[in-house]
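Peer 1: Numbering (our numbering), first residue to last: 4 to 372. Every residue, glycine too, gets a C-beta built ideally from N, C-alpha and C.
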């Protein structure tokens with residue numbers, strides 16, 4: 004016999020308290036991502052009218068009514084904050100606190116199954132928004148609160164493990180960044196022109212079919228452009244351990260470059276620039292790429308770009324870049340630390356995905372026992 008279903012509206016109430024008195028300032032503004040977490044705003048919020056911003060307290064759920072089907076809902080436990088007036092805010096009422104564990108409800112609402120239900124209910128709307136009344140009409144089965152808490156404990160244990168792992172990942176990043184900053188401040192800098200050599204080798208025999216674009220995220224990506232792989236003769240070859248970069252900096256305001264850490268060559272657009280190390284035992288290009296990846300270097304590249312119509316950072320500009328070049332063993336030590344960071348970051352993302360995927364498993368478990 005299945006569990007009885009209850010309308011969620013019987014157990015939740017809406018919160019509309021706003022910042023009309025301007026008691027709370029810009030430093031408390033957050034948004035909600037599709038990952039189900041609160042995040043700092045990406046744009047400039049200085050001068051924004053904060054009166055309509057809504058107040059969020061611990062125990063409140065916050066969701067974006069136009070992005071609920073993408074998972075944009077978060078549960079607040081980190082203290083008071085304020086969010087855009089476009090968000091919907093609700094919390095469990097007194098009856099709800101007796102019947103529902105808030106984390107269990109959060110897990111329930113974060114499942115892909117629930118997101119599909121939101122999409123189904125929004126179907127046909129000109130501007131689909133899942134408002135508080137829509138949410139209140141949702142019917143859900145409710146196991147006992149003791150049963151809910153048993154599965155919530157499993158979720159929280161996994162979440163705490165992920166948080167502990169992520170903190171160690173960030174510590175590793177700080178070690179790597181700190182090492183580079185210490186070198187930059189204390190060691191003499193040299194122009195890299197003496198250590199690198201431009202490569203203009205074209206794919207003239209059309210043998211290499213691995214076409215890549217150079218991304219602003221500092222990596223090679225499969226190109227989205229329609230490319231005729233039977234006509235790649237004009238493309239430049241990027242061999243393993245070489246760097247390719249895009250000369251224009253005006254579009255994304257950064258230097259787009261990528262280091263080829265594949266064990267095979269790829270080809271890139273002929274308008275890009277490619278270079279390698281004259282002596283890998285003197286300059287490791289992975290070490291150089293760590294410097295090129297820094298935000299400070301993006302600002303440097305933008306400042307040194309020239310031309311009013313198209314701002315470009317040329318190969319000559321790259322040759323003028325100055326960095327500390329310590330002994331190759333020190334360079335490789337820094338590179339190895341960074342490799343550990345990248346690998347652990349990848350594992351952290353996999354753990355985060357597993358945590359998301361376990362939500363439906365936990366809900367099914369709590370409903371089936």
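#1: DSSP state of residue 39, grouped into three classes?
#2: Report the residue ranges of all beta strand (DSSP E) runs contained in full by the segment 241–311; include only those spanning at least 3 residues, in chain order.
#3: Could you tell me the alpha carbon to alpha carbon distance between residue 10 and residue 145, rounded to whole angstroms?
#4: Looking at residue 133: is its Cβ nearer than 9 Å to the Cβ of residue 125?
#5: If we ignore side chains and look at the alpha-carbon of each, how far apart do residue 366 and residue 71 end up?
#6: Should the segment 330–344 be called in touch with the segment 177–186, which here means at least 3 C-beta pairs below 8 Å?
#7: Give the secondary structure of residue 49 by DSSP, where H, G and I count as helix, E and B as strand, and everything else as coil.
#8: Considering only the beta carbon of each residue, do residue 287 and residue 331 sit closer than 9 Å?
#9: Note the first and the last residue of the continuous beta strand (DSSP E) segment covering residue 201.
#10: For residue 77, which three-state DSSP category applies?
#11: So is residue 309 buried or exposed if we call it buried at 16+ other beta carbons inside 10 Å?
#12: Note the first and the last residue of the continuous beta strand (DSSP E) segment covering residue 155.
#13: So, do the segment 81–89 and the segment 102–117 have three or more beta carbon pairs nearer to each other than 8 Å?
#14: Sort 21, 204, 318, 90 by Cα distance to residue 1 and report the nearest one.
#15: Alpha carbon to alpha carbon, what distance is there between residue 265 and residue 4?
#16: On a Cα-Cα basis, can you pick out the residue from 184, 41, 160, 55 that is closest to residue 27?
#17: With burial defined as no fewer than 16 other Cβ atoms inside 10 Å of the residue's Cβ, what is the status of residue 75: buried or exposed?
#18: Is DSSP giving residue 31 helix, strand or coil here?
#19: Could you work out which residue in 237, 16, 123, 173 is closest to residue 341 when comparing CA atoms only?
#20: Where does residue 4 fall in DSSP's three states?
#21: Which residues share a DSSP beta bridge with residue 59?
#22: Within this structure, are the beta carbons of residue 103 and residue 64 separated by less than 9 Å?
#23: Going by CA-CA distance only, name the one from 117, 40, 138, 115 that's closest to residue 79.
#24: Throw me the rounded Cβ distance for the residue 218 and residue 261 pair, which I believe falls under 8 Å.
Peer 2: Walking through what the data contain:
#1: coil
#2: 246–248, 260–262, 269–271, 276–280
#3: 10 Å
#4: yes
#5: 19 Å
#6: yes
#7: coil
#8: yes
#9: 199–201
#10: strand
#11: exposed
#12: Not the beta strand (DSSP E): residue 155 falls in the alpha helix (DSSP H), residues 148–189.
#13: no
#14: Past the edges of the chain, shown from 4 to 372, lies residue 1, and the structure says nothing about it.
#15: In this prediction, residue 4 scores a pLDDT of 48, lower than 50, which makes its location untrustworthy; the coordinate-derived value is nonetheless stated afterwards. For residue 4 and residue 265, the distance between alpha carbons rounds to 56 Å.
#16: 55
#17: buried
#18: helix
#19: 173
#20: With a pLDDT of only 48 at residue 4, under the threshold of 50, the placement of this residue in the model should not be trusted; the figure read from the coordinates follows. Of the three classes helix, strand and coil, the one that applies to residue 4 here is coil, per DSSP.
#21: 84
#22: no
#23: 40
#24: 7 Å
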